[in-house]
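Let me begin by presenting the structure, written as structure tokens, before commenting on it.
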Amino acid sequence: MLENLFSLLMLLLLQLVLGFDNLLYISIESKSAPVEKQKFVRQLGIGIAVVLRIVLLFVLVSLIRFVQDPIFGINLEGVIASNFNLHSIIVLIGGAFILYTAVKEIWHMMYLKVGQKQQKDRKTAAQAITLIVLMNLVFSFDSILGAIALTDVFWVMATAIVISGIVMIWLADKVSTFIEKNRMYEVLGLFILFLVGVLLLSEGGHLAHLYLFGHEITPMSKATFYFVIFVLVIVDIVQGRYQKKLIAMEE
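Numbering of the sequence shown is given in this note's numbering, commencing with residue 473 and proceeding in unit increments.
Structure representation (structure tokens):
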């Protein structure tokens, strides 16, 4: 029992650390829904995703071999070589979609004119919930595979998923409120989301044993990922304070 409790604690930490980028995506994506339904979208989206995570956990525990088995390969001499499996395909699609989302929002910001309100592509609540659930499942793969590596006790893994889901529902509103009140940090969030897309693409390429022009695609390490985020946050804080001082001096 003591070993199971220790495993549960480790899994909770793993779920929360790996859930950071997922939480950021949920906060940004929910803003595309009608304003009065954004909180509902976040809560229901995460709730459905938690249930599907447990289903996915059961499926992966039972069929993990099939997820890792190669499905097809591409081999063009000197150009591309790969061996795709289901895991790599899901991670690559998720990474490409997140990269597209981040670039699209950054593009809108760059061409926003003075005095003009930022126009977002509005989605229905159902569309936003669907995207949140699908992307949550993409982020789930690594955390679930990590959970399977730590323990083989199903209730421990399921409990960690449920608790982390409750924490995410609680934090999602706080993150969204913070970004809404501090719009300058929205740019920082989008660039972090951009990095998440790059991270997933590099990981998907590695899982697919992808070679481009003779060079192997290697995954970005989590240490590098979090270090870059730390640097971005520090630069953003310093830049913001320096800009305020310049404005004060001019006045």
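We put the CB at the ideal spot given by N, CA and C, even for glycine.
Determine the contact status of residue i and residue j, defining contact as a CB-CB distance below 9 Å.
| i | j | result |
| --- | --- | --- |
| Y736 | I570 | It is not possible to answer for residue 736, since the shown part of the chain is limited to 473 through 723. |
| I616 | L529 | yes |
| V659 | M581 | yes |
| F544 | F556 | yes |
| E577 | I500 | yes |
| F613 | H681 | no |
| D493 | L673 | no |
| F533 | F666 | Rather than Phe, the amino acid found at residue 533 in this sequence is Val. No, these two residues do not count as a Cβ contact at 9 Å. |
| K595 | S504 | yes |
| K694 | A597 | no |
What does a CB cutoff of less than 7 Å around residue i pick up in its chain, not counting 5 residues either side in sequence?
| i | result |
| --- | --- |
| L495 | M640, L643, A644 and V647 |
| L610 | Per the sequence shown, residue 610 should be read as Val rather than Leu. Cβ within range, chain order: I562, V563 and G566. |
| Q715 | none |
| A574 | L662, L665, F666 and G669 |
| K511 | D645 |
| H678 | I689, T690 and P691 |
| D541 | N557 |
| I526 | A630 and I633 |
| F697 | L667 and L671 |
First and last residue of the alpha helix (DSSP H) that includes residue i?
| i | result |
| --- | --- |
| L571 | L558 to M582 |
| I701 | K694 to E722 |
| I641 | F626 to K653 |
Within 10 angstroms of its Cβ, does residue i collect 16 or more other Cβ (buried), or is it exposed?
| i | result |
| --- | --- |
| I633 | buried |
| G686 | exposed |
| V707 | exposed |
| V586 | Low confidence applies here, because V586 scores a pLDDT of 48, under 50, leaving its location unreliable; read the following figure in that light. So V586 counts as exposed. |
| I601 | buried |
| A720 | exposed |
| Q588 | Interpretation of Q588 is limited by its pLDDT of 48, a score under 50 that renders its predicted location unreliable; no figure is taken from the coordinates. |
| R713 | exposed |
| A521 | buried |
Enumerate in chain order the residues of its own chain whose CB-to-CB distance from residue i is below 8 Å, with the five nearest sequence positions on each side excluded.
| i | result |
| --- | --- |
| I518 | I498, I604, N608, G637, M640, I641 and A644 |
| R514 | I498, S499, S502, I604, I641, A644, D645 and S648 |
| L484 | A632, I635 and S636 |
| L480 | V628, T631 and A632 |
| G550 | F685 and G686 |
For residue i, is the beta carbon positioned less than 8 Å from some heavy atom of the ligand SAM?
| i | result |
| --- | --- |
| G550 | Questions concerning the ligand SAM fall outside what the structure shown contains, since it holds no ligand whatsoever. |
Tell me which same chain residues have a C-beta within less than 6 Å of the C-beta of residue i, skipping the five on either side of it?
| i | result |
| --- | --- |
| V572 | Just to set this straight, residue 572 is Tyr in the shown sequence, not Val. Excluding positions up to five away in sequence, the list is empty. |
| I546 | I552 and S554 |
| K717 | none |
| P421 | As displayed, the chain neither begins before 473 nor continues past 723, which places residue 421 out of reach and without an answer. |
| E675 | V563 and P691 |
| I701 | I664 |
| L516 | I601 |
State the beta-bridge partners of residue i as determined by DSSP.
| i | result |
| --- | --- |
| F663 | DSSP lists no partner for F663. |
| I552 | L548 and L684 |
Taking the beta strand (DSSP E) that residue i falls in, what are its first and last residues?
| i | result |
| --- | --- |
| I543 | P542 to L548 |
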